[in-house]
Amino acid sequence: MNVTYNSPILLIQGIDIPHRFIYPAFALLLVAYLIILTTNIGVMLLILMDRSLQQPMYLLFFSLSFNDVLGNTVVLPRMMLDIVSTNPSISYSWCVSQAFFSHTYGTSCHTVMMIMAFDRYVAICHPLRYTSIMSPTMVAKLTVSAWSASITLVFIPLGLAVRLTRCRSIILNAFCDNASLFKLSCQDLSINNITGLISSVILHGSSITSVAFTYFRILVSCVSKKNKELNRKAMQTCASHLVLYLIMLWSGFLIIILHRLQIHNSYRTLAALLFLIIPANINPIIYAIQTKELRTKIVQMLYSEVTHLQ
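Take the position in the sequence shown, starting the count at 1, then add 101; the result is the number in my numbering.
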């Protein structure tokens, strides 16, 4: 018998960790989170303060770093608190907010990566027209479009979840997301499942198609050119971007599949942590190392700090 249970406080199932591993797990997440904050905020501040870095490619790095900080800040501190809590709970309003921002992070990973792939395509295949195509206005339009599309793809299925009456008060996940929210209801969830599936298909379909197309064109362009040194640098940059994209893509697929298959919560949490932590830690390191101008600025900044301390 279905019972309406619109409690303002929800319990979180959390992560099933043996007691002796609770504090090591907390410490591990804390270190990962601090590294994410330090590296990504450092890159963002460097781009903001140095006018020479306020170019299309670096502004896209800024969007990527901002998104990584957003997603991890919404999820990791709360998850760390729940690990050490004896009775993890969360208010319904904060749960909805966490679901909104965590999904916005996930969708923005795809949309920002799509723009970055397009940026690399223009830079490699049309270098003489790069400045005119990737103008500040175009970068602003692409960035606004990326974030607007992300918010729209999140808002519709989440809005359908919020409208449901609740008959349960336990979030069957380590943090709040759309699927966990609509599973609180005993109503017919067909429209929620269908809408969520459509949103996922639109997001992943457009992401995979656009990235595959741009990298195919880049590959064709590199093969047709005879400049081996230029091709080597282009392929090196694209390879790192592609590896990060594939990690993000498959960990995102795992989260969706594990929710649909009702697999144990621990596997979903592991996939979510993979999606959150690995790209956010690797992105600033990879792009800082492979981008000469950014790498030079970081070295200069560190050298000046060391000199000042001496």
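Quick reminder that beta carbons are idealized off the backbone N, C-alpha and C, glycines included.
Range of the contiguous alpha helix (DSSP H) that encloses residue i
| i | result |
| --- | --- |
| Ile148 | Ile123 to Met150 |
| Ser192 | Element bounds for Ser192: not the alpha helix (DSSP H) but the beta strand (DSSP E), Ser190 to Ser192. |
| Leu165 | Pro157 to Val185 |
| Ile319 | Ser291 to Ser325 |
| Ile118 | Counting along the chain, Ile118 falls outside any alpha helix (DSSP H), and DSSP gives it neither H nor E. |
| Thr232 | Tyr231 to Ile234 |
| Leu282 | Asn279 to Phe283 |
Nearest residue (CA-CA) to residue i, options the options
| i | options | result |
| --- | --- | --- |
| Arg121 | Gln114, Asn168, Met180 and Val185 | Val185 |
| Leu304 | Ile387, Gly260 and Ser249 | Ser249 |
| Thr244 | Ser325, His211 and Phe256 | His211 |
| Met145 | Ala126, Leu131 and Leu165 | Leu165 |
| Tyr159 | Leu347, Met217 and Leu138 | Met217 |
| Ser325 | Ser251, Arg230, Ile225 and Leu261 | Ile225 |
| Asp183 | Phe127, Thr232, Leu149 and Val170 | Phe127 |
| Thr370 | Gly115, Asn107 and Pro109 | Gly115 |
| Phe376 | Met215, Ile356 and Ile386 | Ile356 |
| Leu261 | Thr238, Ser291, Thr232 and Pro237 | Ser291 |
| Phe317 | Tyr222, Phe162 and Leu154 | Tyr222 |
| Ser322 | Ser108, Ile309, Cys339 and Ile386 | Cys339 |
| Thr238 | Ile309, Leu147, Gln155 and Leu131 | Gln155 |
| Ile252 | Leu345, Tyr206, Thr232 and Gly143 | Tyr206 |
| Val175 | Leu374, Asn384, Thr397 and Tyr388 | Leu374 |
| Ile378 | Ile309, Gly143, Ile123 and Val132 | Val132 |
| Ser341 | Ile387, Asn274 and Thr310 | Ile387 |
| Phe167 | Gly143, Thr310, Ser307 and Arg267 | Gly143 |
| Gly306 | Val263, Phe354, Ser281 and Phe283 | Phe354 |
| Cys196 | Asn294, His227, Ser281 and Asp151 | Ser281 |
| Ile383 | Tyr346, Ile309 and Ala372 | Tyr346 |
| Ile309 | Leu298, Leu343 and Leu130 | Leu343 |
| Pro385 | Asn141, Leu129 and Leu130 | Asn141 |
| Thr187 | Ile123, Lys329 and Ser352 | Ile123 |
| Thr397 | Arg333, Ser153 and Tyr134 | Ser153 |
Closer than 7 Å: residue i CB and nearest the ligand COA heavy atom
| i | result |
| --- | --- |
| Ala218 | This structure lacks the ligand COA; in fact it carries no ligand of any kind. |
Proximity below 8 Å, CB of residue i to CB of residue j
| i | j | result |
| --- | --- | --- |
| Leu111 | Ser270 | yes |
| Met180 | Phe276 | yes |
| Gly172 | Ser203 | yes |
| Gln208 | Val255 | According to the sequence displayed, residue 208 carries Thr and not Gln. Going by C-beta atoms, Thr208 is nearer than 8 Å to Val255. |
| Ala381 | Asp278 | no |
| Ser300 | Pro258 | yes |
| Val213 | Ala247 | yes |
| Ile272 | Ile113 | yes |
| Thr315 | Phe219 | yes |
| Pro178 | Met235 | no |
| Val170 | Ile137 | yes |
| Val302 | Met215 | no |
| Pro109 | Ser233 | no |
| Gln288 | Leu320 | no |
| Asn274 | Phe283 | no |
| Arg267 | Asn107 | yes |
Element boundaries [beta strand (DSSP E), containing residue i]
| i | result |
| --- | --- |
| Ile252 | First-last for Ile252: Pro237 to Val263, but that is the alpha helix (DSSP H), not the beta strand (DSSP E). |
| Ile110 | Ile110 to Ile113 |
Contact with chain D by residue i, beta-carbon distance below 8 Å
| i | result |
| --- | --- |
| Arg221 | The structure shown contains no chain D, having only a single protein chain. |
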